[in-house]
Amino acid sequence: MLPTNVSDPNYFHQVVDCQWACPAHTPVPEYIRLIAQGRFDEAYMVNWVSNVFPGILGRTCDRPCEPACRRGRVEEENLAKPEPVAICRLKRVAADLKGDEVRALMPAPLPKTARNGKRVACVGAGPASLTVARDLATQGYAVTVFDGEAKGGGFMRSQVPRFRLPEEVIDEEVGHILNLGVELKAGQRIDSMKQLLTQGYDAVFVGCGAPRGRDLNLPGRWEAAAGQIHIGIDWLASVSFGHIEKVGKKVLVLGGGNTAMDCCRSARRLGADSVQVLVRSTYEDMKASPWEKEDAEHEGIPILPCHSPKAFLIENGRLVGMRFEIVQSVYENGGRRLVPSGQPDVDLPCDEVLIAVGQENAFPWIERDAGIEFDKWGLPVLDAVTHQSSLPQVFFGGDAAFGPKNIITAVAHGHEAAVSIDRLLHGEDVTRRPPPHVNLMSQKMGIHQWSYDNAPTNDSRHKVPWAAAEAALKSIKVEVELGFDVKTAFKEAQRCLNCDVQTVFTAKQCIECDACVDICPTDCISFTANADSVDQLELRVPRLHVEQPLMVSESLKTGRVMVKDEDVCLHCGLCAERCPTGAWDMQKFLLMTTKAGAACRDAPARGKVCAS
């Protein structure tokens, strides 16, 4: 017989898909409900606690939560293009509409007399380092952040174009962290790890990113005139800091990631008459997020797939074009390789090329005899959970740890590294980590009333308005997306299916009247004979996603079990409202992941358990 999982909090841990998919485990439905209630300050703080940069991520996040949103699955049979809730853009709503009073909700900087005497250095002022600084400063650590640039923010400031992320948003959210007493030593690049280790810091966190863009060593690469061929991330930084203000008339961008999308859209704004993106892979296999590709194409920038760069064409010492081989993708053994298609090579004219074919880690400042081991790819050898290097007091996170990812992953690394540093400096085993705290709280307000709005709307996903094209394309600093207004934000928030408010079933109170079965709008409840495996259960409606767990009750009085397919549940509460005995209840699931501090250190550890 199948064991029950109805009362197991870990079951509900699995079914809150959007929070589980977010590397920082942001309680998505919670802040969306607060937005719908107009409580923007509180919604911002829910985000700030977990993802640290609500305004930044509300504009730039890679949105790992949205593919997991059950809204898209529920709409799957009814809409040609089912779409999740605009989780990312609602995060921006909380940031844009919060009031000045939100500062009062932030932790106050600890006086020096309340500090614990421990000093931590963070190398690089990007999202991973700033997260470590935020988490540790509130626990009494003296944190110093070193960065070679004049302001904090790292790649968020230097590589994300201002038309996507205004500088004032970065200033504000970096400022929240510095206001906690974190010391930023701007303009001070660390040139020697060994020297840094002599300065009395109890721990060092390396969050310097992956600062080196890959080049292409092709015929003609080194014969072109200066200023005609650029590495994409370096070029974006030069644009961001105002060192580059114009571009050639015909620009080719090589690469299929988000950096390539930022390059092509930036070149368009700097005056290029023609901008084309050339990708070796197919369009579908591009690494860029779907919305990044759509935004580029919306601005009239063509993306040409299956074009493998072959040579830079030089005439009289100047770049005049590029030659491409037309390739095709062959999929085998779970991998992909590119093979010639047999079609003739293609020559495309250009007078400037931006190379955005990937980034690499670069640690020339870490001496190889400093005690830190590196693997054959030049990455530090780290514990995947603790982020600790072979030198116990040195930790890595963000792109510097495991290669280029995204901002929200860097934040998650920062949280984990802060837990490790806190445990290390209190003499505890960094590998023994308490699991997440989980809880279930009834949402009853009377017999058949809930403390949340449980009426699902049939609205399709609302579109984010854009600035007028003629204005947006004339300036590199005019923000393209305008964000939701209050009315549209409310409508979009209402699309959320409250997947953290769970149906909790108590078998001993059930009289098997089938009232819940009759009222369920998605036919996700079945009363059926128990079985030895999930596949043997007879459900009213076949499962669409077998990877989604089922809720299976204890044995009922007739010997049957109640089985619920969580995959298509709307969390509308109709089953609980209709139940005459109160066997069903709607309870909000709370997931609190481990953060640095005494609560983490005092909690019982369960071996090497990842806190997230």
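Using the working numbering, the letters of the sequence shown correspond one by one to residues -12 to 599.
We put the beta carbon where it would ideally sit given N, CA and C, even for glycine.
message = With the cut-off set at 8 Å, would you say D249 and V147 are in Cβ contact?
response = Taking the sequence shown and counting its residues from 1, one reaches residue 249 at position 262. Taking the sequence shown and counting its residues from 1, one reaches residue 147 at position 160. Going by C-beta atoms, D249 is nearer than 8 Å to V147.
key: F311 - containing beta strand (DSSP E), residue span   = In the sequence shown, residue 311 corresponds to position 324, counting from 1. Per DSSP, F311 belongs to the beta strand (DSSP E) from R305 to E319.
task = Leaving out five residues on either side along the sequence, give the residues of the same chain with a beta carbon under 6 Å from the beta carbon of F389.
result = Here residue 389 corresponds to residue number 402 of the sequence shown, with the count starting at 1. Answer for F389: no residue qualifies.
key: Extent of the continuous alpha helix (DSSP H) run through R79   = Here residue 79 is taken as the residue at index 92 of the sequence shown, counted from 1. Taken as a continuous stretch (DSSP letters only), the alpha helix (DSSP H) holding R79 covers I74 to L84.
task = Please check the pair A349 and P206, which I expect to be a contact at CB under 8 Å, by giving their CB distance rounded to whole angstroms.
result = For the purposes of this step, residue 349 is taken as the residue at position 362 of the sequence shown. For the purposes of this step, residue 206 is taken as the residue at position 219 of the sequence shown. With 8 Å as the limit, A349 and P206 do not qualify as a contact, their Cβ atoms being about 26 Å apart.
key: Exposed unless 16 or more other CB atoms sit within 10 angstroms - verdict on T396   = Start at 1 with the first residue of the sequence shown, and residue 396 comes out as number 409. Classification for T396: buried.
ask   = What first and last residue would you give for the alpha helix (DSSP H) that runs through H413?
value = Counted from its first residue, the sequence shown places residue 413 at position 426. Element bounds for H413: n/a, residue is neither H nor E.
request  = Quick one: using the 10 Å Cβ neighbour count with 16 as the cut-off for buried, is M273 buried or exposed?
outcome  = Position 286 of the sequence shown holds residue 273. Its Cβ being crowded by 16 or more others within 10 Å, M273 is buried.
key: Run of the alpha helix (DSSP H) containing K280, from where it starts to where it stops   = Here the question's residue 280 lines up with position 293 in the sequence shown. That run of the alpha helix (DSSP H) goes P277 to H285.
inquiry  = Threshold first: 4 residues or longer. Then list the alpha helix (DSSP H) segments lying entirely within the segment 365 to 432, N to C.
reply    = With a minimum length of 4 residues, the continuous alpha helix (DSSP H) runs that stay inside the segment 365 to 432 are 386 to 389 and 394 to 411.
inquiry  = I want to know whether the segment 118 to 134 touches the segment 425 to 441 - three or more CB-CB distances under 8 Å.
reply    = Short answer: they don't touch.
key: DSSP-derived helix/strand/coil call for F150   = Stepping through the sequence shown from its first residue, residue 150 is reached at position 163. Of the three classes helix, strand and coil, the one that applies to F150 here is coil, per DSSP.
query = For the beta strand (DSSP E) that T515 lies in, which residues bound it at each end?
reply = Taking the first residue of the sequence shown as position 1, residue 515 is located at position 528. From DSSP, the beta strand (DSSP E) with T515 extends over I512 to A516.
key: Beta-carbon proximity list for D189, same chain, < 8 Å, skipping 5 on both sides   = Your numbering for residue 189 matches position 202 in the sequence shown. Here the set comprises K105, R106, V107, Q380 and L412.
L44 versus V548: straight-line alpha-carbon distance, rounded = Working through the sequence shown from its first residue, we reach residue 44 at position 57. Working through the sequence shown from its first residue, we reach residue 548 at position 561. Their Cα atoms are separated by approximately 44 Å.
ask   = What did DSSP end up calling T509 once you bin it into helix, strand or coil?
value = Taking the sequence shown and counting its residues from 1, the one referred to as residue 509 is at position 522. It is coil, neither helix nor strand.
ask   = T246: buried (16+ other C-beta within 10 angstroms of its C-beta) or exposed?
value = Working through the sequence shown from its first residue, we reach residue 246 at position 259. T246 is buried by the Cβ-count criterion.
inquiry  = Measuring straight from C-alpha to C-alpha, what distance separates L526 and D519?
reply    = For the purposes of this step, residue 526 is taken as the residue at position 539 of the sequence shown. For the purposes of this step, residue 519 is taken as the residue at position 532 of the sequence shown. Per the coordinates, the alpha-carbon of L526 lies some 14 Å from the alpha-carbon of D519.
query = Are T581 and R420 closer than 8 Å when you measure CB to CB?
reply = To locate residue 581, count along the sequence shown from 1; it is residue 594. To locate residue 420, count along the sequence shown from 1; it is residue 433. Cβ atoms of T581 and R420: closer than 8 Å.
request  = Let me know if W209 comes out buried or exposed under the rule of 16 or more other beta-carbons within 10 Å of its beta-carbon.
outcome  = Numbered from its first residue, the sequence shown carries residue 209 at position 222. W209 should be labelled exposed.
key: Chain-order list of residues whose beta-carbon lies under 8 Å from that of P289 (same chain, five-residue window excluded)   = Translated into positions along the sequence shown, residue 289 becomes position 302. Apart from the 5 residues on each side of it in sequence, P289 sits with its Cβ closer than 8 Å to the Cβ of Q263 and V264 in its chain, given in chain order.
query = Can the beta-carbon of G384 be found less than 8 Å from the beta-carbon of H374?
reply = The residue given as residue 384 occupies position 397 in the sequence shown. The residue given as residue 374 occupies position 387 in the sequence shown. When the beta-carbon positions are compared, G384 and H374 come within less than 8 Å of each other.
inquiry  = Let me confirm a value: W571 is counted as buried when at least 16 other C-beta atoms fall within 10 Å, else exposed. Which label applies?
reply    = Position 584 of the sequence shown, counted from the start, is the residue given in the question as residue 571. Around the beta carbon of W571, a 10 Å sphere encloses 16 or more other beta carbons of the protein chains shown; the residue is thus reported as buried.
message = For I177, tell me which candidate among K363, D487, K551 and I353 has the shortest Cα-Cα distance.
response = One-based indexing of the sequence shown puts residue 177 at position 190. Cα-wise, what sits closest to I177 is I353.
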